[in-house]
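A.B. asks:
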Amino acid sequence: MENIIQTTEFKMIPINERYYNEDSNWGVYTFTTKDDIPYFNPYHDPFDENNWDKPLKMSNVTGKMQRLYLGSEYIVKAIPEYNLKYSTYQYTPISIVAVEPKTYQAQELFLKSLTTETIAKNILAEYPNVVEDVMNGKLKDLEYSKIKGVGKKTWDKLRNSIIDNYVISDIITMLQPLGVTYSMIKKLLSEEPNPSLLKQQLNENPYIMTKIRGLGFKRVDDLALKLKPELRKSMFRLTAFIQYYLFEIGENEGHTWITKDVLESKISDNIPECNELLPELLKNNTFLYQEDDKIGLKYYRDIEEKIYNILLEKNSIVNDKFDFTDEEIEQGIKQAEEEQGFKYTEEQINVIKNAVKNNILTISGKAGCGKTTISKALLKIYKNKGFSIKAMALSAKAAQRIIEATGYPASTIHRGLGAKGLNEFTYNYNNPIPTDVVFIDEASMINARLFYDLLSAIDYNTRIIISGDHMQLPPIGFGNVFSDILTNNKELNSYQLTKPMRQAQMSGILSDANLIRDGINPIDTPELKIVHGELKDMYYMFRENRESLRNIAINTFIKSIETDGLDEVVIAVPRKKDCINSTSEINKIIQEMLLPNSPSISKGYVKFKLGDKVTQTVNNYEKNVFNGEVGYVTRIYKDDNNQDVCDVTFKSNENEKVITYSKSELDDLDLAYAMTTHRLQGSGFKTVIGIIDNTHYTLLDNCMLYTLITRAKKRCCLLAEPSAFLKCIKTNHNSGRQTWLKKLLNK
0 MENIIQTTEF KMIPINERYY NEDSNWGVYT FTTKDDIPYF NPYHDPFDEN NWDKPLKMSN
60 VTGKMQRLYL GSEYIVKAIP EYNLKYSTYQ YTPISIVAVE PKTYQAQELF LKSLTTETIA
120 KNILAEYPNV VEDVMNGKLK DLEYSKIKGV GKKTWDKLRN SIIDNYVISD IITMLQPLGV
180 TYSMIKKLLS EEPNPSLLKQ QLNENPYIMT KIRGLGFKRV DDLALKLKPE LRKSMFRLTA
240 FIQYYLFEIG ENEGHTWITK DVLESKISDN IPECNELLPE LLKNNTFLYQ EDDKIGLKYY
300 RDIEEKIYNI LLEKNSIVND KFDFTDEEIE QGIKQAEEEQ GFKYTEEQIN VIKNAVKNNI
360 LTISGKAGCG KTTISKALLK IYKNKGFSIK AMALSAKAAQ RIIEATGYPA STIHRGLGAK
420 GLNEFTYNYN NPIPTDVVFI DEASMINARL FYDLLSAIDY NTRIIISGDH MQLPPIGFGN
480 VFSDILTNNK ELNSYQLTKP MRQAQMSGIL SDANLIRDGI NPIDTPELKI VHGELKDMYY
540 MFRENRESLR NIAINTFIKS IETDGLDEVV IAVPRKKDCI NSTSEINKII QEMLLPNSPS
600 ISKGYVKFKL GDKVTQTVNN YEKNVFNGEV GYVTRIYKDD NNQDVCDVTF KSNENEKVIT
660 YSKSELDDLD LAYAMTTHRL QGSGFKTVIG IIDNTHYTLL DNCMLYTLIT RAKKRCCLLA
720 EPSAFLKCIK TNHNSGRQTW LKKLLNK
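When the sequence shown is numbered by numbering that gives the first Met the number 0, its final residue is 746 and no position is left out of the sequence of numbers.
#1: Enumerated in chain order, which unbroken segments of the alpha helix (DSSP H) with a length of 4 residues or greater are wholly contained in the segment 101 to 177?
#2: Counting only the same chain and skipping the five closest in sequence on each side, list residues whose C-beta sits under 8 Å from that of residue 227.
#3: Check whether the Cβ atoms of residue 565 and residue 612 sit closer than 8 Å, and answer yes or no.
#4: Give the range of the alpha helix (DSSP H) segment to which residue 350 is assigned.
#5: So residue 366 packs on residue 468, CB below 8 Å; how close in whole Å?
#6: Quick one: grab the DSSP three-state call for residue 464.
#7: Which residue marks the beginning of the beta strand (DSSP E) containing residue 687, and which one marks its end?
#8: Buried or exposed for residue 134, please, with buried defined as at least 16 other CB atoms from any protein chain shown within 10 angstroms of its CB.
#9: Which parts of the segment 400 to 437 are runs of the beta strand (DSSP E), unbroken and 3 residues or longer, counting only runs that do not cross its ends?
#10: Could you tell me whether the Cβ atoms of residue 388 and residue 313 are closer together than 8 Å?
#11: Could you pull out every residue in the same chain whose Cβ sits closer than 8 Å to the Cβ of residue 33, ignoring the five residues on either side in sequence?
#12: Give the range of the alpha helix (DSSP H) segment to which residue 643 is assigned.
#13: So the beta strand (DSSP E) residue 24 belongs to, where does it begin and stop?
#14: Quick check on DSSP: helix, strand or coil for residue 444?
#15: Between which residues of its own chain and residue 119 is the CB-CB distance below 7 Å, once the five residues before and five after are set aside?
#16: Counting beta carbon pairs with one atom in the segment 694 to 713 and one in the segment 639 to 653, are three or more of them shorter than 8 Å?
#17: Using 8 Å as the threshold, is the C-beta distance between residue 445 and residue 480 below it?
#18: Apart from the five residues just before and just after residue 421, which ones in its own chain have a Cβ nearer than 8 Å to its Cβ?
#19: What's the C-alpha gap between residue 414 and residue 509?
#20: Roughly how many angstroms lie between the CA atoms of residue 117 and residue 105, to the nearest whole one?
#21: In terms of residue numbering, what span does the beta strand (DSSP E) encompassing residue 8 cover?
#22: Can you find a C-beta in chain C that's less than 8 Å from the C-beta of residue 376?
#23: Leaving out five residues before and five after residue 657 in sequence, what residues of the same chain have Cβ atoms less than 6 Å from its Cβ?
#24: Leaving aside the five residues before and after residue 678 along the sequence, list all residues of the same chain whose C-beta is less than 6 Å from its C-beta, in chain order.
#25: From which residue to which residue does the alpha helix (DSSP H) around residue 531 run?
#26: If you measure between the beta carbons of residue 241 and residue 224, is that distance less than 8 Å?
#27: My output table needs one value for residue 371: the three-state DSSP class, helix, strand or coil.
#28: State whether the segment 682 to 699 contacts the segment 708 to 726, with contact taken as three or more CB pairs (one from each stretch) at a distance under 8 Å.
#29: Could you please give me the residues that DSSP links to residue 634 through a beta bridge?
#30: Tell me the rounded alpha-carbon separation between residue 524 and residue 722.
#31: Closest by CA to residue 503, which one among 495, 494 and 514?
#32: Per DSSP, what are the beta-bridge partners of residue 541 in this structure?
#33: How would you call residue 2, buried or exposed, if buried means at least 16 neighbouring beta carbons within 10 angstroms?
#34: At 3 residues or longer, and completely inside the segment 52 to 91: list those beta strand (DSSP E) runs for me, N to C.
#35: Hey, is the segment 685 to 693 in contact with the segment 568 to 583, meaning 3+ C-beta pairs nearer than 8 Å?
#36: Return the residue from the list 625, 472 and 426 that minimises the CA-CA distance to residue 735.
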């Protein structure tokens, strides 16, 4: 007779965590229960002598689940399964939901599983409903002075455990089919801090999960329709799709508006049932901005309109303190020339003389035309007059290049603004940066949101110098502010340099890069090896075999670090993953070659070894480490809680800091032997080894290749499939960003 798998539901209390893996959420817990379950062993509670003759039922729950807290009560749905290895039955969980502790004793028992009995009692003495208050969003911080032994760090751990156990686990049970993780739910909690209200909102409108990065609309839509089929034709579904789609094209393609017919087409392709609801939504909504046939997120429009107004207002201000005599300007130019060891061109001198008359100045131009050297003269003129200067760039490497080129201190923009959290800074409109002059370099990298935060934090009496190259890759995120500014020469002061300096004319790197920038092929015929430039610094190697390209790149990398050092050599590729010549594939190979027997720390497929060169991939305001900073893994060890952690040492501008990462935080890091061209923008290395092939197809254009080549200061070796190289020359994606700012500046 065929066995019928029967689901069993019961209440349980975990008494032992035999195993739990936070990466996979796989665990084994021994539990006791008073309920009827089909398979169990009798258990006598050693602390309950009065009920010695009434044993509890004991077994194991084994499988994928949230982390359980010993002593807390849970409602479990599970399937009993026989484990051949251990010759016993165990329970595979379908869902596990924590039972909220209502009594003082139950709350005390839970808190004692996380901290000492004394601290648990002290908290409950002041906050007798602590669990319920946290769940309802009423209690975020304690009055620490009233509770002995409890500081913010201890309380944050306890509060997070309450949310994890009694709210998030319940939500995850509901959303399990989608593969929702704790970290994803916590992102929603950052927007809706009341956990119980968030649960209610998810029940009413599961489409709010489209706010979670990593969950596409399709995945959320599939689950939402399973939970609530009646949402198939609804404003919830239509609103979620439009918001998601406009946000995605903003963050991934940079557009801040699209045409109405494009939006209608996307709705028909993805959620045709909602087509007829669109006219009503367009009449009654608060999140869209419409003008003629253009439509976009109101948030994007508001940011770009504010940027437009700030630029015009600051540019119109007359400030007598910045008046310079001809002699003062000439002196600054002469000093900069003497320090640099070369003379400025006539074009550069004209730009410098005109630039000191403007409140806002924008300098652009090809590689080697002297954008940064002009900035040195300008800063020298201001410095000679006693004005204070603040220099900034988006990445740590770009800030370091300002220091090398101008001699003035520089920082990342986030550091310069005093970053405290996402879009939250110490310096802002109400507390502007205390300086007379702000110099912003590599401005083409800055998206609209950060550009707005930066401009609004600059006082109206502060001069602004903005330098960059609009033909490099556009920023990651929405908008294209620097490029848009250059389209307006009537109201804003933009200077575009056209003539390369003598040093640049000698360089094959800069000469060829500028040809590529203009869509001109510097190669007559692809050959196995070509060397260009008087300095013989630009190498080309063409191959049809992609594995051969990779092997040459890795071998060249290993040889180059022997002479230039690991800090000054990088492999640059367009893609991060999913192809043979991606950073993920190349980094693994180099890691094994350089550190074959080094100790390691890993999370899932992510592995870092002692001595690895790594880069931070996100902004972490609490740790004070930002996207793009590069460091080395200098220690791997067990922390006070016996958890695996590693230390990464970051060095920049003669400063050094050591940041500790737990296993759960390893996703914030990436290996940095090979990096994407986008991530390298603003950086400079003695040796750059680039690879382009047709697996990078959608990313191949002349902006990408121009950016890749100009990362090299001493030599560049470009390894390419011939057809991929030709596609780069013929293609340009940069000019096509549709932005409200460009429209405002050219109305």
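Quick reminder that beta carbons are idealized off the backbone N, C-alpha and C, glycines included.
Given the structure is predicted, the values throughout are model-derived calculations rather than measurements.
C.D. replies: By the coordinates alone:
#1: If you keep only unbroken alpha helix (DSSP H) runs of at least 4 residues inside the segment 101 to 177, you get 103 to 111, 116 to 125, 129 to 134, 151 to 162 and 168 to 174.
#2: Locating residue 227 in the sequence shown gives position 228, where the first residue counts as 1. The residues are 205.
#3: Taking the first residue of the sequence shown as 1, we reach residue 565 at position 566. Taking the first residue of the sequence shown as 1, we reach residue 612 at position 613. In this structure, the beta-carbon distance from residue 565 to residue 612 falls below 8 Å.
#4: Residue mapping note: residue 350 aligns to position 351 of the sequence shown, counting from 1. Per DSSP, the continuous alpha helix (DSSP H) segment holding residue 350 begins and ends at 345 to 354.
#5: Within the sequence shown, the letter at position 367 stands for residue 366. Within the sequence shown, the letter at position 469 stands for residue 468. Between the beta-carbon of residue 366 and that of residue 468 there is about 7 Å, and that keeps the pair under the 8 Å contact cut.
#6: Counting from one through the sequence shown, the residue named residue 464 turns up at place 465. Of the three classes helix, strand and coil, the one that applies to residue 464 here is strand, per DSSP.
#7: For this step, residue 687 is matched to residue 688 along the sequence shown. Note, residue 687: beta strand (DSSP E), 684 to 691.
#8: As a working note, residue 134 is residue 135 in the sequence shown. So residue 134 counts as buried.
#9: Runs found: 409 to 411 and 418 to 420.
#10: By one-based count along the sequence shown, residue 388 stands at place 389. By one-based count along the sequence shown, residue 313 stands at place 314. Using a Cβ distance threshold of 8 Å, residue 388 and residue 313 do not count as a contacting pair.
#11: Taking the sequence shown and counting its residues from 1, one reaches residue 33 at position 34. Sequence-distant Cβ neighbours of residue 33 in its own chain, meaning closer than 8 Å and more than five residues away, are 10, 55 and 56.
#12: Position 644 of the sequence shown holds residue 643. Not the alpha helix (DSSP H): residue 643 falls in the beta strand (DSSP E), residues 643 to 651.
#13: For the purposes of this step, residue 24 is taken as residue 25 along the sequence shown, with counting starting at 1. Residue 24 -> no beta strand (DSSP E), and no H or E assigned at all.
#14: As a first step, residue 444 is located in the sequence shown; it is residue number 445 there, counting from the start. The answer is helix: DSSP assigns residue 444 an H, G or I state.
#15: Translated into positions along the sequence shown, residue 119 becomes position 120. Here residue 119 has 107, 110 and 111 as same chain residues with Cβ atoms under 7 Å from its own Cβ, once five neighbours each way along the sequence are excluded.
#16: Touching, no.
#17: Here residue 445 refers to the residue found at position 446 when the sequence shown is read from its first residue. Here residue 480 refers to the residue found at position 481 when the sequence shown is read from its first residue. Yes, the Cβ-Cβ distance between residue 445 and residue 480 is below 8 Å.
#18: For the purposes of this step, residue 421 is identified with residue 422 of the sequence shown, where counting begins at 1. Non-local beta-carbon contacts of residue 421 in its own chain, meaning distances under 8 Å to residues more than five positions away in sequence, involve 618 and 620 in chain order.
#19: Locating residue 414 in the sequence shown gives position 415, where the first residue counts as 1. Locating residue 509 in the sequence shown gives position 510, where the first residue counts as 1. Cα to Cα, residue 414 sits roughly 31 Å from residue 509.
#20: Position 118 of the sequence shown holds residue 117. Position 106 of the sequence shown holds residue 105. Rounded to the nearest whole angstrom, the CA to CA distance from residue 117 to residue 105 is 15 Å.
#21: Counting from one through the sequence shown, the residue named residue 8 turns up at place 9. Run containing residue 8: 7 to 20, per the beta strand (DSSP E) assignment.
#22: Of the protein chains in the structure, only one exists, and it is not chain C.
#23: Position 658 of the sequence shown, counted from the start, is the residue given in the question as residue 657. Cβ contact annotation for residue 657 (same chain, cutoff 6 Å, sequence separation greater than five): 646 and 648, in chain order.
#24: Taking the first residue of the sequence shown as 1, we reach residue 678 at position 679. Result list for residue 678: empty, nothing under 6 Å.
#25: Along the sequence shown, one-based indexing puts residue 531 at 532. Run containing residue 531: none in the alpha helix (DSSP H); it sits in the beta strand (DSSP E), 529 to 531.
#26: Residue numbering aside, residue 241 sits at position 242 when the sequence shown is read from its first letter. Residue numbering aside, residue 224 sits at position 225 when the sequence shown is read from its first letter. The criterion of a C-beta distance shorter than 8 Å is not satisfied by residue 241 and residue 224.
#27: The sequence position of residue 371 within the sequence shown is 372, counting from 1. The DSSP-derived three-state label of residue 371 is helix.
#28: With the cut-off at 8 Å, the segment 682 to 699 and the segment 708 to 726 touch.
#29: Here residue 634 refers to the residue found at position 635 of the sequence shown. Beta-bridge partners of residue 634 (DSSP): 646.
#30: Here residue 524 refers to the residue found at position 525 when the sequence shown is read from its first residue. Here residue 722 refers to the residue found at position 723 when the sequence shown is read from its first residue. Rounded to whole angstroms, residue 524 and residue 722 show a C-alpha spacing of 12 Å.
#31: Position 504 of the sequence shown, counted from the first residue, corresponds to residue 503. Ranking 495, 494 and 514 by Cα distance to residue 503 puts 514 first.
#32: Along the sequence shown, read from residue 1 onward, the residue named residue 541 stands at position 542. For residue 541, which the question treats as bridged, DSSP gives the partners 719.
#33: The residue labelled residue 2 in the question sits at position 3 within the sequence shown. Any reading at residue 2 must be qualified, since the residue scores a pLDDT of 48, below 50, and its modelled position is unreliable; the value itself is stated next. Around the Cβ of residue 2, a 10 Å sphere holds fewer than 16 other Cβ atoms; the residue is exposed.
#34: Positions of the beta strand (DSSP E) runs, each at least 3 residues long and wholly inside the segment 52 to 91, are given as 55 to 63 and 73 to 82 in order along the chain.
#35: Under the Cβ criterion (8 Å, minimum of three pairs), the segment 685 to 693 counts as touching the segment 568 to 583.
#36: In the sequence shown, the residue the question calls residue 735 occupies position 736. Of 625, 472 and 426, the residue nearest in Cα terms is 472.
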